[in-house]
Amino acid sequence: SATSALLSGRRDIIVVSSVSCIYGIGNPDDFVNNVIRLKSGDVIPRNKLLWSFVEGLYSRTEADFSRGNFRVKGDTVDIFPAYADYAVRIIFWDDNIESIESFNPNDGLTIEKLDQINIYPANIFVTSREKMKDSIQEIQSDLMKQVEYFNENDKKLEARRLEDRVTYDMEMMRELGYCSGIENYSRYFDGRATGSRPFCLLDYFPDDFIMVIDESHVTVSQIRAMYGGDRSRKQTLVEYGFRLPSAMDNRPLKFDEFESLTGQTIYVSATPADFELQKSEGVVVEQLIRPTGLVDPPIEIRPSLNQVDDLLDEIDRNIKSGGRTLVTTLTKRMAEELSKYLARLDVKCRYIHSDVDTIERVEILRDLRLGIFDVLIGVNLLREGLDLPEVSLVAILDADKEGFLRSERSLTQTAGRAARNINSKVIMYADKITDSMRRAIDETDRRRIKQLAYNAENNITPRQIVKSTMSIIGQTAVADSANRPAKAYIENENVSLAADPVVQYMSAAQLEKAISQARKSMEKAAKELDFIEAARLRDEMFSLEELLKKATNK
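The sequence shown lines up with residues 78 to 631 when you count with this note's numbering.
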C-alpha cells in the first residue's frame, strides 16, 4: 500500500516504516509499467484485461476471494487489490467497460461508483515477460557456474541442493511469473551489476521528501548494522548451496548508500548521539515544554550500600500513594533474582528483558499500568518509547558502573520514564558520581529549570494524563493475542466471545467489530449448512449487541 500510494502522484502521504525500509524491493520503473489504468467507457477485450491481472501477479479464484485475487462471473470481473480494504468490480458490455465500482468484499455492497481507477501490481517484485525470460537465462548460466564450482571443490551435496532449488524456482517463474524467495533473484530483474545497491522503498519517494528518524541515537546505529548482519547470514546460505551468490545483492543499503538517498532529514531524540549533532552542525531545536505542564523528575543519589532495603522502603511508600515503580539492574540474572526476592516479601512485581516474548512484554506493561502488579524490573528495555503515566518512581541500581547500560544517554532515557507523572522522582544508587551520571543529572536539571520557569511565567499548573481502564486496554489490544488462540473467531471454536471477561472492557468500536465478525462467521456457517454452529454464532452476536447497547447508554 505504501508503494502504490507513493506512485499515485499524491503529495499528502506519510509513510511510517521501520529500519526495513532500507531492504531491497522491486524496481519502481517496472512497478509503474505494470500499473493497470482503467476508465469507464474504455474498449478492452475482457481476456486481455485478465492477462494484465495475471502479469500483475494477481491470482484467479472462484472460492477464496482475498487480497491479491480476482474472479470472473460472466461479464463481471471482481478484483481485490493487494493494498486495499475494498474490492473493485468491472462490468463489461461486450469489449466496453460499462461501469467501475468499489465494493465491500464481505457483503458485496457497493461503496461508490468510479470513473477511473489504477490497479497496482500485487507484488513489489514484478517485471515484464521479456525481462523474465532474459533473467531466467542469466540465472541458468550462474547456476551452472556455481554447480561446477561446488563439484570442483568436492561439495556434491551443496551442488545437488543448489541445482534442485534453483531449477524449481526457475520453473515456477516460467509458469507463474514468481516463486517463493523471488527477491533473491532481484538483481537479474533489475539489470544491476554485481555489488550494486538494490532498489528500496526510498526510491519510490519524490526527490524533495522529508525523512524523520525517530529515536535517532538508536535508529542510526541500527541502520549502520543492517548490512553486516544480512551479509553474514547470506554468506552461510551461499556457502552451503541454499542460494546463488546473486542473493548477496538482495540486501539492505549500506549506510553511505542510505545517506545518498536522504535529503531533508530531521533527527528526533531526547539524547542525540554525536553523529546527529555533527550532521546538524549545531542547529538543534529543543522541545522541552509539554502541553500538560509536566516537568522532568528530580534525581536523587543514594549510596549503594543496603540499596535493596532502601528500595523496599521507597516501593512501599510509592504503592501506598498509588504509584508504580520501575527498577533497572545491570543483568538479566539480577532482574530475575530481585523479582524473586521482592515476591517473597509480598511485593507484586514482574521482570522484563530480551528473553521475554515480544507479545508478553506488551502484556506485562499493560498489567503494570492497570495495577495488576506494582513493580517492574528490567535491564535495557525500560528506556526509549515507553509511555507509562502511572510510573512515579524510577530506581537505577548500580548507577556508577560506567558502561553501555549506565552511559549518559541510557541514564537520561531511563530517568525520562518517570516524566509522565506529576509526583515522579528518580533515585540513582551509587557510591560515586561518574562523568555519565553528572552529565545526565546536569542535563535533566537544565531542562527542569526551563520547564519550571515557563510554567511560572505562564501560570501553568502541571496536570497528569489519567487514562481509563478501557483506554489502556484499547491501546494495548495486541497483548490479548497472547491469551487467545491464533484464530480468534473461527466457527469451529465453541467458545463464546460474549462470555469472555475482557469483553466488559471493550470500547464501542471494538464491540461493533466483534459483532461484524460474528455475523460473517454465522453467514459462512449457514452457507456450509452447519446450522448448529450458525445458531450458536447468532446467539453470540445477539449477546454482543446487548453489550453494545449497555455500553452506549452509559
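Glycine included, every Cβ here is placed at the ideal spot set by N, Cα and C.
Residue range Thr435 to Leu447 is occupied by the alpha helix (DSSP H) that includes Arg446.
Unbroken alpha helix (DSSP H) runs of no fewer than 4 residues, entirely contained in the region 80 to 150, are found at 105 to 110 and 123 to 132, following chain order.
Looking at the DSSP output, Met505 shares a beta bridge with Ile378 and Ile473.
Cβ contact annotation for Glu175 (same chain, cutoff 7 Å, sequence separation greater than five): Ile168 and Phe169, in chain order. One Cα belongs to Arg123, the other to Asp172, and the distance between them is close to 6 Å. Judged by DSSP secondary structure, Ile213 falls within the alpha helix (DSSP H) whose first and last residues are Arg206 to Glu229.
Counted as a single uninterrupted DSSP element, the alpha helix (DSSP H) harbouring Ala420 occupies residues Lys409 to Arg421. Unbroken beta strand (DSSP E) runs of no fewer than 3 residues, entirely contained in the region 253 to 318, are found at 287 to 291, following chain order.
For Ala533, the closest C-alpha among the options Val456, Leu371 and Phe619 is that of Leu371. Taking a cut-off of 8 Å on C-beta distances, the region 315 to 326 touches the region 248 to 265, as three or more cross pairs fall below it. Taking C-beta separations shorter than 8 Å and ignoring five residues to either side along the sequence, the partners of Asp508 in its chain run Pro380, Ser381, Leu382 and Asp477, following chain order. Boundaries of the beta strand (DSSP E) around Gln341: Gln341 to Val345. In the three-state reduction of the DSSP assignment, Ile177 falls in the strand class, which pools E and B.
Counting only the Cα atoms, Ile90 lies some 25 Å from Arg274. Listed in chain order, the non-local C-beta contacts of Asp246 below 6 Å within the same chain comprise Cys256, local neighbours out to five positions each way being set aside. Sixteen is the threshold: when 16 or more other Cβ atoms of the shown chains lie within 10 Å of the Cβ of Pro198, as they do, the residue is buried. Rounded to whole angstroms, the Cβ separation of Ile102 and Leu338 is 13 Å, and the two are not in contact under 8 Å. If the five residues before and after Glu215 are omitted, its C-beta is found closer than 7 Å to the C-beta atoms of Tyr265, all from its own chain and listed in chain order. Inclusion of Asn181 and Tyr163 in the CB contact set at 8 Å is warranted, their separation being smaller than that value. Excluding sequence positions up to five before and after Ser81, its CB lies within less than 6 Å of the CB of Tyr160 and Tyr197, all in the same chain and listed in chain order. Rounded to the nearest angstrom, the gap between the Cα atoms of Asp284 and Glu336 is 13 Å. By the CB criterion at 8 Å, Glu440 and Tyr428 fall outside the cutoff. By the beta-carbon neighbour count (other beta carbons within 10 angstroms, threshold 16), Ser293 is buried. Cβ-Cβ distances below 7 Å link Glu479 to Thr511 and Ser513 in the same chain, with the five nearest sequence neighbours on each side left out; the list follows chain order.
Non-local beta-carbon contacts of Asp444 in its own chain, meaning distances under 8 Å to residues more than five positions away in sequence, involve Arg427 and Phe450 in chain order. Annotation for Arg596: Met618 place their beta carbon closer than 7 Å to its own, counting only its chain and skipping 5 residues before and after.
Looking at the DSSP output, Gln193 shares a beta bridge with Lys116. Under DSSP, Val543 shares a beta bridge with no residue. In the three-state reduction of the DSSP assignment, Val452 falls in the strand class. Met221 and Met250 have their C-alpha atoms some 18 Å from each other.
In the three-state reduction of the DSSP assignment, Leu614 falls in the helix class. Secondary structure of Ile429 (DSSP, three-state): strand. Taking C-beta atoms as the reference points, Val345 and Leu403 fail to come closer than 8 Å. Around the Cβ of Ser143, a 10 Å sphere holds fewer than 16 other Cβ atoms; the residue is exposed. Between the alpha carbons of Gly493 and Asp373 lies a gap of roughly 7 Å. Counting every other CB atom within 10 Å of its CB across the protein chains shown gives Pro329 a total of 16 or more, marking it as buried.
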